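Novice: Please read through the structure below; I'll follow up with questions.
There are 2 protein chains.
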Amino acid sequence: MGRTADYSRQSCSIAATLEVIGDPWTLLVIRDAFNGVSRFEQWQDNLGVARNVLAARLKSLVQHGVLEPRLYSERPPRNEYVLTAKGKDLYGVLVTLHAWGNKHVYGETDSGIDMVHKTCGHTLNPRIACNCCGEIVKPRDIRLTRAENRPTVGEVLPPREAA
Amino acid sequence: MGRTADYSRQSCSIAATLEVIGDPWTLLVIRDAFNGVSRFEQWQDNLGVARNVLAARLKSLVQHGVLEPRLYSERPPRNEYVLTAKGKDLYGVLVTLHAWGNKHVYGETDSGIDMVHKTCGHTLNPRIACNCCGEIVKPRDIRLTRAENRPTVGEVLPPREAA
DNA sequence: GCAAGAGGGTTGCCAATCCGAACCCAGTCA
DNA sequence: TGACTGGGTTCGGATTGGCAACCCTCTTGC
Numbered sequence: 001m002g003r004t005a006d007y008s009r010q011s012c013s014i015a016a017t018l019e020v021i022g023d024p025w026t027l028l029v030i031r032d033a034f035n036g037v038s039r040f041e042q043w044q045d046n047l048g049v050a051r052n053v054l055a056a057r058l059k060s061l062v063q064h065g066v067l068e069p070r071l072y073s074e075r076p077p078r079n080e081y082v083l084t085a086k087g088k089d090l091y092g093v094l095v096t097l098h099a100w101g102n103k104h105v106y107g108e109t110d111s112g113i114d115m116v117h118k119t120c121g122h123t124l125n126p127r128i129a130c131n132c133c134g135e136i137v138k139p140r141d142i143r144l145t146r147a148e149n150r151p152t153v154g155e156v157l158p159p160r161e162a163a
Numbered sequence: 001m002g003r004t005a006d007y008s009r010q011s012c013s014i015a016a017t018l019e020v021i022g023d024p025w026t027l028l029v030i031r032d033a034f035n036g037v038s039r040f041e042q043w044q045d046n047l048g049v050a051r052n053v054l055a056a057r058l059k060s061l062v063q064h065g066v067l068e069p070r071l072y073s074e075r076p077p078r079n080e081y082v083l084t085a086k087g088k089d090l091y092g093v094l095v096t097l098h099a100w101g102n103k104h105v106y107g108e109t110d111s112g113i114d115m116v117h118k119t120c121g122h123t124l125n126p127r128i129a130c131n132c133c134g135e136i137v138k139p140r141d142i143r144l145t146r147a148e149n150r151p152t153v154g155e156v157l158p159p160r161e162a163a
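Heads up: the sequence lines are chains A and B, in that order.
Numbering of the first sequence is given in full-length UniProt numbering, commencing with residue 1 and proceeding in unit increments.
Numbering of the second sequence is given in full-length UniProt numbering, commencing with residue 1 and proceeding in unit increments.
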């Protein structure tokens, strides 16, 4: 069956998300979209990705409603791709990925590109906060509830022992 | 060159992170690790992933310091894999992925598995908060600074227009 | 009017990787 | 002794990503 990871058997929101953005390059396409990139050639230049793969990714992201094509030239027909609200909602994913990479992959010596929180002026160390009560959420503060009786294969839970 | 996405040319923390956890199945392995899974057979049962691929993923995650092998039986030698501190730091990534999938993929009708914030009792709608000042961070509150003079290919920036 | 160029892809071929399944090996239970 | 379990490794085949060439429609230069 090739390399298709078939996340679909995993009835889990994480697997579902990965089915949309889990392909190689896809998240980098979205990262660039956040960065203002909106045209085929720009992505091609930035990423160096194969053109057919880029075309397939853009098409897939449009189908999934993450990007929206927008005709910016009638003749010749040219369209650019902009983030939908759904796509913009991926911001948290990108921020957490960025922070993890900055902290753990690049390491302390060479921190790459820092995200600075303008409001307080410090390097952003992102935490998960509850939008309802505003508190910072630690792993153990989360309980999972099964909304449906869908067979659950696996879900996120706090680590067994305290960090 | 095959399907290797070669994120390495992207000098970006997101690309760097994807190089560690961007493979198919890898994030699901980590998700299960958070869920308490620690042994080969458990992952195999949960994910239905090919055994060779699972073995490769575990090895790679150990090499990257996300998982740590721990011998739980001398004879025969058997080891389990537990999350390191570095691995546990991926919690924010999983939470944001989960929330996005719950909201945008499963949709309103069938919300899958909900994360409930025990402290306030509501379904968790995660936001990014600044660990320094505690405020909730919106995309436009972030400024990127180039820590080094590494050639930057692309980075996250707020969307051009306001949401 | 015609050639060259740019934007946005599509098509074909090849190699890397994933998948499935079989196999292996050490110990253990019956 | 023989079957079973956990934890993998090996092998062959199927997909997919990468690369490069090609295409098609304007637009611009001369």
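In this text, a Cβ means the ideal position worked out from N, Cα and C, and glycines have one as well.
Here the structure is a predicted model, which is why all the values come from computation and not from measurement.
Rounded to the nearest angstrom, what separates L58/A and P76/B at their Cα positions?
Specialist: Cα to Cα, L58/A sits roughly 50 Å from P76/B.
Novice: At the 7 Å Cβ level, is N125/B part of the contact set with chain A, yes or no?
Specialist: Yes, N125/B counts as interfacial toward chain A.
Novice: Could you tell me which residues DSSP pairs with C130/B in its beta bridges?
Specialist: Answer is P126/A, bridged to C130/B.
Novice: In angstroms with no decimal places, state the Cα-to-Cα distance between S38/B and K88/B.
Specialist: If I take the Cα positions, the gap works out to 14 Å.
Novice: With distances taken Cα to Cα, identify the nearest neighbour of R127/A among N102/B, N52/B, L90/B, K103/B.
Specialist: R127/A has its Cα closest to that of L90/B, out of N102/B, N52/B, L90/B, K103/B.
Novice: Just tell me which of A33/B, R70/B, T26/B, W100/B has its CA closest to the CA of V66/A.
Specialist: When only C-alpha atoms are compared, the closest one is W100/B.
Novice: In or out: Y106/B buried (at least 16 other Cβ within 10 Å) or exposed?
Specialist: Classification of Y106/B: buried, given that the 10 Å Cβ count is 16 or more.
Novice: Please list the terminal residues of the continuous beta strand (DSSP E) segment that includes N79/B.
Specialist: From DSSP, the beta strand (DSSP E) with N79/B extends over 78 to 83.
Novice: At a CB distance below 9 Å, what residues from the segment 129 to 143 of chain A approach chain B? Give them in sequence order.
Specialist: Residues A129, C130, N131, C132, C133, G134, E135, I136, V137, K138, P139, R140, D141, I142, R143.
Novice: State whether the segment 113 to 121 of chain B contacts the segment 116 to 125 of chain A, with contact taken as three or more CB pairs (one from each stretch) at a distance under 8 Å.
Specialist: Judged by Cβ distances under 8 Å, the segment 113 to 121 of chain B makes no contact with the segment 116 to 125 of chain A, as fewer than three pairs qualify.
Novice: Using the Cα positions of L54/B and Q42/A, report the straight-line distance between them to the nearest angstrom.
Specialist: Each residue's Cα considered, the two are about 36 Å apart.
Novice: Just grab the DSSP bridge partners of I142/B for me.
Specialist: DSSP, once it has assigned bridges, lists H117/A as partnering I142/B.
Novice: By the criterion of Cβ-Cβ separation under 7 Å, what are the contact partners of N102/A in chain B?
Specialist: Here the neighbours are S13.
Novice: For chain B, check one thing: does any of its Cβ atoms lie closer than 7 Å to the Cβ of L71/A?
Specialist: It does not: the Cβ of L71/A has no partner Cβ on chain B nearer than 7 Å.
Novice: With burial defined as no fewer than 16 other Cβ atoms inside 10 Å of the residue's Cβ, what is the status of S13/B: buried or exposed?
Specialist: Label assigned to S13/B: buried.
Novice: For I21/A, which option in G36/A, H64/A, I113/A, L47/A has the closest C-alpha, if you only look at C-alpha atoms?
Specialist: For the residues G36/A, H64/A, I113/A, L47/A, the minimum Cα distance to I21/A belongs to H64/A.
Novice: Less than 8 Å between the CB atoms is what I'm expecting for T96/B and T96/A, so what's the real figure, rounded?
Specialist: Rounded, the Cβ-Cβ distance is 5 Å, consistent with contact.
Novice: Mapping the DSSP letters down to three states, classify Y91/B as helix, strand or coil.
Specialist: Looking at Y91/B - three-state DSSP - the assignment turns out to be helix.
Novice: Work out the CA separation of E74/B and G92/A for me, nearest whole Å.
Specialist: Their backbone Cα atoms lie some 43 Å apart in a straight line.
Novice: Spatial neighbours of T26/A within its chain, please: C-beta separation below 6 Å, excluding the five flanking residues on both sides.
Specialist: Around T26/A: R57.
Novice: Could you tell me the alpha carbon to alpha carbon distance between I113/A and N35/A, rounded to whole angstroms?
Specialist: So the two alpha carbons sit approximately 14 Å from each other.
Novice: Determine the DSSP secondary structure at R39/A, reduced to helix, strand or coil.
Specialist: The answer is coil: DSSP assigns R39/A none of H, G, I, E or B.
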